[in-house]
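*Asks:* Quick one: this structure, given as structure tokens, is what I'll be asking you about.
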Amino acid sequence: MSGIQIVPVTDKKLLKRFILLPERLHKNDPAYIAPLHMEREEALGPKNPFFGHAEVQFWLAVKDGRDVGRISAQIDVLALSLNPDAPGLFGMLAAENDPEIFRLLVETAANWLRDRSRTRMQGPFNLNINEETGVLIDGFDTPPMLLMPHDLPYVAQQLEALGMQKAKDVIAYLYDMRVEFPASVQRMLSRALPPGVTVRQLDMKRIKEEIKNVTSIFNDAWSQNWGFVPLTEEETDYLSKSLKPLLHPRLTSLVERDGEPVAFMIALPNLNEAIKGLEGKILPFGWAKLLWRLKVAGVKTARVPLMGVRRSAAKDIIGSLMPYLMIDMVRRDALKMGYTHIELSWILEDNMPMRRMIESMDAKPYKTYRVFEAPL
Numbered sequence: 016m017s018g019i020q021i022v023p024v025t026d027k028k029l030l031k032r033f034i035l036l037p038e039r040l041h042k043n044d045p046a047y048i049a050p051l052h053m054e055r056e057e058a059l060g061p062k063n064p065f066f067g068h069a070e071v072q073f074w075l076a077v078k079d080g081r082d083v084g085r086i087s088a089q090i091d092v093l094a095l096s097l098n099p100d101a102p103g104l105f106g107m108l109a110a111e112n113d114p115e116i117f118r119l120l121v122e123t124a125a126n127w128l129r130d131r132s133r134t135r136m137q138g139p140f141n142l143n144i145n146e147e148t149g150v151l152i153d154g155f156d157t158p159p160m161l162l163m164p165h166d167l168p169y170v171a172q173q174l175e176a177l178g179m180q181k182a183k184d185v186i187a188y189l190y191d192m193r194v195e196f197p198a199s200v201q202r203m204l205s206r207a208l209p210p211g212v213t214v215r216q217l218d219m220k221r222i223k224e225e226i227k228n229v230t231s232i233f234n235d236a237w238s239q240n241w242g243f244v245p246l247t248e249e250e251t252d253y254l255s256k257s258l259k260p261l262l263h264p265r266l267t268s269l270v271e272r273d274g275e276p277v278a279f280m281i282a283l284p285n286l287n288e289a290i291k292g293l294e295g296k297i298l299p300f301g302w303a304k305l306l307w308r309l310k311v312a313g314v315k316t317a318r319v320p321l322m323g324v325r326r327s328a329a330k331d332i333i334g335s336l337m338p339y340l341m342i343d344m345v346r347r348d349a350l351k352m353g354y355t356h357i358e359l360s361w362i363l364e365d366n367m368p369m370r371r372m373i374e375s376m377d378a379k380p381y382k383t384y385r386v387f388e389a390p391l
């Protein structure tokens, strides 16, 4: 007998243990940054609109009275409405480096998904593809940016040992904004904008309308991509409210063509840079440190979690210019605000048009995340 118990998370006390476990596992990992506890409690509870269209279960693995692992399983009803054969999801995976713990956790999630008529499982997703995606397989020596996962090297190895196969890799690029665009890109940007094309910041006074535009463009832009699940307006509204303290118009851009919004980009200050060392705690002095780092000392890094160009607008040469226009607009203001680097993530490994565009600016791939799958 292994002595390992798998305990369903059924109350706030167990959820707190679920949230805190990775901090102990990563105590000797200099790249790990503990997320804010209050943010995790909200993201993993009913305030997160994902729970409005999904069934979710969390479990803890306990051995000798000590929490040694955790996992989640999710059924996304919205994904099923688009594809009845969509896989069941697992995520929130963290555990001690013990094959038996991983086996029991994955087996528990698999059984739960199988009982709900899923024939495949895929993950990790924390909690779906529009949140944190994949397990880190390359780039362990640098901290994760805002809303990106971070794992110890053995996590992917344990999943492989259980027979799980690669479904897809996604890549994070790091772009040093202090480096000028290559001459070919500069020449392209130096030309006058085509008639009817304008580039502007998001209008914070009309943020609800702007969020509707962003949601519509995002869902159209990525609708043909692997694993796509549309963002609901409730989800983008929730995200904008949650991140409102970080949302700055100078770090946004929106392209209009003949008055119609057709492309957008949103960059966010890398909150992880500001919360490093707080150990997930805001009280008693965390708020003061966080505000000082954000407002006074300033952070130097940012991340682009949301970007898209309508498919109808992406078909011609003007459409291929739009990402450059948006990145250039944000880059110029970000440099004035003291930022030096921006992460462009995540990008599907086989999305070669996007990868070529990013690499044409001399951005470097510096982290890779893998989504695994297995039959049930």
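Residue 16 is where the sequence shown starts when you use the numbering used here, and the numbers rise one by one after that. In this text, a Cβ means the ideal position worked out from N, Cα and C, and glycines have one as well. As the structure is a computational prediction, the values presented were derived from the model and not from experiment.
Using only the alpha-carbon positions, how far apart do TYR188 and TYR381 sit?
*Replies:* Taking the first residue of the sequence shown as 1, we reach residue 188 at position 173. Taking the first residue of the sequence shown as 1, we reach residue 381 at position 366. Roughly 6 Å between the two C-alpha positions.
*Asks:* For the alpha helix (DSSP H) containing GLY334, list its first residue and its last residue.
*Replies:* Indexing the sequence shown from 1 puts residue 334 at position 319. Taken as a continuous stretch (DSSP letters only), the alpha helix (DSSP H) holding GLY334 covers 332-351.
*Asks:* Three-state secondary structure (DSSP) at LYS227?
*Replies:* Looking up residue 227 in the sequence shown gives position 212. Reduced to three states, the DSSP call for LYS227 is helix.
*Asks:* Alpha carbon to alpha carbon, what distance is there between ILE21 and THR123?
*Replies:* Here residue 123 refers to the residue found at position 108 when the sequence shown is read from its first residue. Here residue 21 refers to the residue found at position 6 when the sequence shown is read from its first residue. For THR123 and ILE21, the distance between alpha carbons rounds to 8 Å.
*Asks:* Going by C-alpha distance, which of PRO61, ILE90 and LEU208 is nearest ASN143?
*Replies:* Locating residue 143 in the sequence shown gives position 128, counting from the first residue. Of the candidates PRO61, ILE90 and LEU208, the one whose C-alpha sits nearest the C-alpha of ASN143 is ILE90.
*Asks:* Is the CB-CB distance between PHE387 and GLY323 below 8 Å?
*Replies:* The count along the sequence shown starts at 1 and reaches residue 387 at position 372. The count along the sequence shown starts at 1 and reaches residue 323 at position 308. Contact flag unset, no.
*Asks:* Pull up the distance between the alpha-carbon of PRO23 and that of SER17, whole angstroms please.
*Replies:* The count along the sequence shown starts at 1 and reaches residue 23 at position 8. The count along the sequence shown starts at 1 and reaches residue 17 at position 2. In a straight line, the C-alpha of PRO23 is about 18 Å away from that of SER17.
*Asks:* What did DSSP end up calling GLY103 once you bin it into helix, strand or coil?
*Replies:* Translated into positions along the sequence shown, residue 103 becomes position 88. The answer is strand: DSSP assigns GLY103 an E or B state.
*Asks:* Taking three-plus beta-carbon pairs below 8 Å as touching, is the segment 201-219 in contact with the segment 160-174?
*Replies:* No contact exists between the segment 201-219 and the segment 160-174.
*Asks:* What does the alpha-carbon distance come out to for the pair ILE290 and GLY138?
*Replies:* Against the sequence shown, residue 290 aligns to sequence position 275. Against the sequence shown, residue 138 aligns to sequence position 123. In a straight line, the C-alpha of ILE290 is about 27 Å away from that of GLY138.
*Asks:* Contact defined as beta carbons within less than 8 Å: I believe ALA282 pairs with VAL319. What is the distance between those atoms, to the nearest angstrom?
*Replies:* By one-based count along the sequence shown, residue 282 stands at place 267. By one-based count along the sequence shown, residue 319 stands at place 304. Correct: roughly 5 Å between the Cβ atoms.
*Asks:* Is it the case that the segment 241-261 contacts the segment 214-227, given that we only count it when at least three CB pairs across the two stretches are under 8 Å?
*Replies:* Verdict: yes, contact present.
*Asks:* Where ALA328 and MET341 are concerned, what is the direct C-alpha to C-alpha distance, given to the nearest angstrom?
*Replies:* Taking the first residue of the sequence shown as 1, we reach residue 328 at position 313. Taking the first residue of the sequence shown as 1, we reach residue 341 at position 326. The alpha-carbon atoms of ALA328 and MET341 are separated by roughly 14 Å.
*Asks:* Rounded to a whole number of angstroms, what is the C-alpha to C-alpha distance between ASN285 and LEU35?
*Replies:* Along the sequence shown, one-based indexing puts residue 285 at 270. Along the sequence shown, one-based indexing puts residue 35 at 20. The alpha-carbon atoms of ASN285 and LEU35 are separated by roughly 21 Å.
*Asks:* Could you tell me whether the Cβ atoms of ARG39 and LEU75 are closer together than 8 Å?
*Replies:* Position 24 of the sequence shown, counting from 1, holds the residue named residue 39. Position 60 of the sequence shown, counting from 1, holds the residue named residue 75. Going by C-beta atoms, ARG39 is not nearer than 8 Å to LEU75.
*Asks:* Within the same chain, show all residues whose beta-carbon is closer than 7 Å to that of ASN287, passing over the 5 residues directly before and after it, in chain order.
*Replies:* As a first step, residue 287 must be located in the sequence shown, where it is residue number 272. Around ASN287: ILE48, PRO158, PRO159, MET160 and LEU161.
*Asks:* Check whether the Cβ atoms of LYS315 and GLY274 lie closer than 8 Å to each other.
*Replies:* If you number the sequence shown from 1, residue 315 lands on position 300. If you number the sequence shown from 1, residue 274 lands on position 259. No, the Cβ-Cβ distance between LYS315 and GLY274 is not below 8 Å.
*Asks:* Using DSSP bridges, identify the partner residues of TRP127.
*Replies:* Indexing the sequence shown from 1 puts residue 127 at position 112. Answer is none; TRP127 lacks a bridge partner.
*Asks:* State buried or exposed for PRO360, treating a residue as buried only when at least 16 other CB atoms are found within 10 Å of its CB.
*Replies:* Position 345 of the sequence shown, counted from the first residue, corresponds to residue 360. Note that residue 360 is Ser in the sequence shown here, rather than Pro. SER360 comes out buried.
*Asks:* How about SER268 and VAL345: are their beta carbons less than 8 Å apart?
*Replies:* One-based indexing of the sequence shown puts residue 268 at position 253. One-based indexing of the sequence shown puts residue 345 at position 330. Their beta carbons are under 8 Å apart, which means SER268 touches VAL345 by this criterion.
*Asks:* Between ILE152 and SER199, what straight-line distance do the alpha-carbon atoms span, to the nearest angstrom?
*Replies:* Residue numbering aside, residue 152 sits at position 137 when the sequence shown is read from its first letter. Residue numbering aside, residue 199 sits at position 184 when the sequence shown is read from its first letter. ILE152 and SER199: Cα-Cα distance of roughly 33 Å.
*Asks:* Nearest CA to the CA of MET53: which residue from GLU374, GLU294 and GLU358?
*Replies:* Your numbering for residue 53 matches position 38 in the sequence shown. That would be GLU294, whose Cα lies nearest to the Cα of MET53.
*Asks:* For ILE86, which of ASN145, ASP130 and VAL170 has the nearest alpha-carbon?
*Replies:* Start at 1 with the first residue of the sequence shown, and residue 86 comes out as number 71. Per the Cα distances, VAL170.
*Asks:* Please state whether DSSP places TYR47 in a helix, a strand or coil.
*Replies:* The residue you call residue 47 lines up with position 32 of the sequence shown. Coil at TYR47, not helix or strand.
*Asks:* Is the separation between the beta-carbon of HIS68 and that of LEU93 shorter than 8 Å?
*Replies:* Start at 1 with the first residue of the sequence shown, and residue 68 comes out as number 53. Start at 1 with the first residue of the sequence shown, and residue 93 comes out as number 78. In contact: HIS68 and LEU93 (Cβ atoms closer than 8 Å).
*Asks:* For a test of the three-state rule: what should DSSP assign to THR213, helix, strand or coil?
*Replies:* As a working mapping, residue 213 is identified with position 198 in the sequence shown. Looking at THR213 - three-state DSSP - the assignment turns out to be strand.
*Asks:* How would you write the range of the alpha helix (DSSP H) that THR251 sits in, first residue to last?
*Replies:* Walking along the sequence shown from the start, residue 251 turns up at place 236. From DSSP, the alpha helix (DSSP H) with THR251 extends over 248-257.
*Asks:* Less than 8 Å between the beta carbons of PHE66 and ALA88, yes or no?
*Replies:* Here residue 66 corresponds to residue number 51 of the sequence shown, with the count starting at 1. Here residue 88 corresponds to residue number 73 of the sequence shown, with the count starting at 1. No, they are not a contact pair.
*Asks:* For PHE33, report the span of its alpha helix (DSSP H) as first-last.
*Replies:* Residue numbering aside, residue 33 sits at position 18 when the sequence shown is read from its first letter. Looking at the DSSP string, the run of the alpha helix (DSSP H) that includes PHE33 is 27-40.
*Asks:* If you measure between the beta carbons of PHE140 and LEU177, is that distance less than 8 Å?
*Replies:* Against the sequence shown, residue 140 aligns to sequence position 125. Against the sequence shown, residue 177 aligns to sequence position 162. Cβ atoms of PHE140 and LEU177: not closer than 8 Å.
*Asks:* With respect to the beta strand (DSSP E) encompassing TYR384, which residues constitute its N-terminal and C-terminal limits?
*Replies:* Residue mapping note: residue 384 aligns to position 369 of the sequence shown, counting from 1. 379-390 is the extent of the beta strand (DSSP E) around TYR384.
*Asks:* Would you mind reading off the limits of the beta strand (DSSP E) that contains VAL150?
*Replies:* One-based indexing of the sequence shown puts residue 150 at position 135. 150-153 is the extent of the beta strand (DSSP E) around VAL150.
*Asks:* In terms of alpha-carbon separation, which member of SER132, LEU128 and ASP343 lies closest to PRO197?
*Replies:* Translated into positions along the sequence shown, residue 197 becomes position 182. Among SER132, LEU128 and ASP343, the Cα nearest to that of PRO197 is on ASP343.
*Asks:* CB ARG131 to CB GLY211, shorter than 8 Å?
*Replies:* By 1-based counting over the sequence shown, the position of residue 131 is 116. By 1-based counting over the sequence shown, the position of residue 211 is 196. No. Outside cutoff.
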